[in-house]
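Student: In numbering that gives the first Met the number 0, the protein residues as written are 0 to 225. Ideal placement from N, C-alpha and C gives every residue a C-beta, glycine not left out. Provided herewith is a single structure, encoded as structure tokens, for subsequent inquiry.
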Amino acid sequence: MARRIKIAPSILSARFDRLGEQVVEATKAGADMLHIDIMDGHFVPNLTMGPAVVQSIRPLTKVPFDAHLMVTRPQELVKAFADAGVDDLTVHVESEHDVSTTLKRIVDAGVKPGLVINPATPFEKVAPYLADVDLLLVMTVHPGFAGQAFREDVVPKIREARAYIDREELDCELQVDGGIKVDTAPIVAAAGADILVSGSGIFPDRIGENLRAIRTAAEKALKPRR
Ligand code: DX5
Ligand code: ZN
Numbered sequence: 000m001a002r003r004i005k006i007a008p009s010i011l012s013a014r015f016d017r018l019g020e021q022v023v024e025a026t027k028a029g030a031d032m033l034h035i036d037i038m039d040g041h042f043v044p045n046l047t048m049g050p051a052v053v054q055s056i057r058p059l060t061k062v063p064f065d066a067h068l069m070v071t072r073p074q075e076l077v078k079a080f081a082d083a084g085v086d087d088l089t090v091h092v093e094s095e096h097d098v099s100t101t102l103k104r105i106v107d108a109g110v111k112p113g114l115v116i117n118p119a120t121p122f123e124k125v126a127p128y129l130a131d132v133d134l135l136l137v138m139t140v141h142p143g144f145a146g147q148a149f150r151e152d153v154v155p156k157i158r159e160a161r162a163y164i165d166r167e168e169l170d171c172e173l174q175v176d177g178g179i180k181v182d183t184a185p186i187v188a189a190a191g192a193d194i195l196v197s198g199s200g201i202f203p204d205r206i207g208e209n210l211r212a213i214r215t216a217a218e219k220a221l222k223p224r225r
């Protein structure tokens, strides 16, 4: 049986004047989770949404909320986003924090912990923490903005992460984020990704059509596993 690929639409590319409507549309189209990009204007040069936005869209869908914290001090925001109703919180290994302490704080808040790695950071930096996370997110763009070009040079790192997770038999899903569209989805699926994040590949128009096309393209690239 081929693996099932999960699709996580990133609401950063949704129309913010119709955010609720677009969240519902993505849910109905079969989104496996919603990816929520939190940027603080410091860790990355862009500013997005806070807990109030998360809280306001939480009642609209039962789909898990996957929050990606692109902030300098993620440890200080864990409680606010947990209270707002996120299901997982993914923090950058490059942020200014003690990674293990932040991961523990996330677990203590009743949320699943995830770890993110930037294109320039080697896999070795996250490997020591993978037994403690439910999710590893490999960035295929430098974080900060939707709509950037997919970085093919990161593909070996996706393969490296897949091999490590399988070899160590870790209960950790492998997520990829940045420039995922119909043409790049098969590349990351073949490299071993479990969850594909897509912003501008799905929003703001023809949400269902785009989501299904990305899923189909990704699943076609998978060889049946023995
Ligand atoms: C980039 C964000 C991504 C972004 C993806 O910093 O982390 O989640 O929204 O957007 P696309 O799919 O357009 O690259
Ligand atoms: Zn993201």
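Quick check on the contact list: which residues have their beta carbon closer than 6 Å to a heavy atom of the ligand ZN?
Tutor: 9, 34, 36, 67, 176 and 196
Student: Between 126, 142 and 143, which lies nearest to residue 135 when the distance is taken from Cα to Cα?
Tutor: In the sequence shown, counting from the first residue as 1, residue 135 sits at position 136. The residue with the shortest Cα to Cα distance from residue 135 is 126.
Student: With a 10 Å radius around its C-beta and 16 neighbouring C-beta atoms as the bar for buried, classify residue 99 as buried or exposed.
Tutor: Reading the sequence shown from its first residue, position 100 is the one you call residue 99. Label assigned to residue 99: exposed.
Student: Using the DSSP secondary-structure output, state which residues sit across from residue 88 in a beta bridge.
Tutor: For this step, residue 88 is matched to residue 89 along the sequence shown. Residue 88 is bridged to 66 and 112.
Student: Checking the sheet assignment: what are the DSSP bridge partners for residue 175?
Tutor: The count along the sequence shown starts at 1 and reaches residue 175 at position 176. DSSP, once it has assigned bridges, lists 137 and 195 as partnering residue 175.
Student: For residue 73, I'd like the list of residues in its chain whose CB is within less than 8 Å of its CB, leaving aside the five on either flank, ordered along the chain.
Tutor: For the purposes of this step, residue 73 is taken as residue 74 along the sequence shown, with counting starting at 1. Once the five neighbours on either side are set aside, the close Cβ partners of residue 73 are 88, 90, 91, 94, 96 and 101.
Student: Should residue 199 be listed as close to the ligand DX5, given that the test is whether its C-beta is under 6 Å from any heavy atom?
Tutor: One-based indexing of the sequence shown puts residue 199 at position 200. Residue 199 Cβ: within cutoff of the ligand DX5.
Student: Rounded to the nearest angstrom, what separates residue 196 and residue 172 at their Cα positions?
Tutor: For the purposes of this step, residue 196 is taken as residue 197 along the sequence shown, with counting starting at 1. For the purposes of this step, residue 172 is taken as residue 173 along the sequence shown, with counting starting at 1. Cα-Cα distance, rounded: 13 Å.
Student: Any heavy atom of the ligand DX5 within a distance shorter than 6 Å of the CB on residue 145?
Tutor: As a working note, residue 145 is residue 146 in the sequence shown. It does: the Cβ of residue 145 is within 6 Å (strictly closer) of some heavy atom of the ligand DX5.
Student: Quick check: does the Cβ of residue 40 come within less than 6 Å of any heavy atom belonging to the ligand DX5?
Tutor: The residue labelled residue 40 in the question sits at position 41 within the sequence shown. Residue 40 has its CB no nearer than 6 Å to any heavy atom of the ligand DX5.
Student: Does any heavy atom of the ligand DX5 sit closer than 6 Å to the C-beta of residue 178?
Tutor: Residue 178 sits at position 179 when you count from the first residue of the sequence shown. For residue 178, the CB falls within less than 6 Å of some heavy atom of the ligand DX5.
Student: Indicate the three-state DSSP secondary structure (helix, strand or coil) for residue 5 in the structure shown.
Tutor: Taking the sequence shown and counting its residues from 1, one reaches residue 5 at position 6. Strand.
Student: Relative to the ligand DX5, is the shortest distance from any of its heavy atoms to the C-beta of residue 142 smaller than 6 Å?
Tutor: Along the sequence shown, read from residue 1 onward, the residue named residue 142 stands at position 143. Flag set: Cβ of residue 142 near the ligand DX5.
Student: At which residue ranges does the segment 23–70 contain complete alpha helix (DSSP H) runs of 4 or more residues, listed in the order of the chain?
Tutor: 50–56
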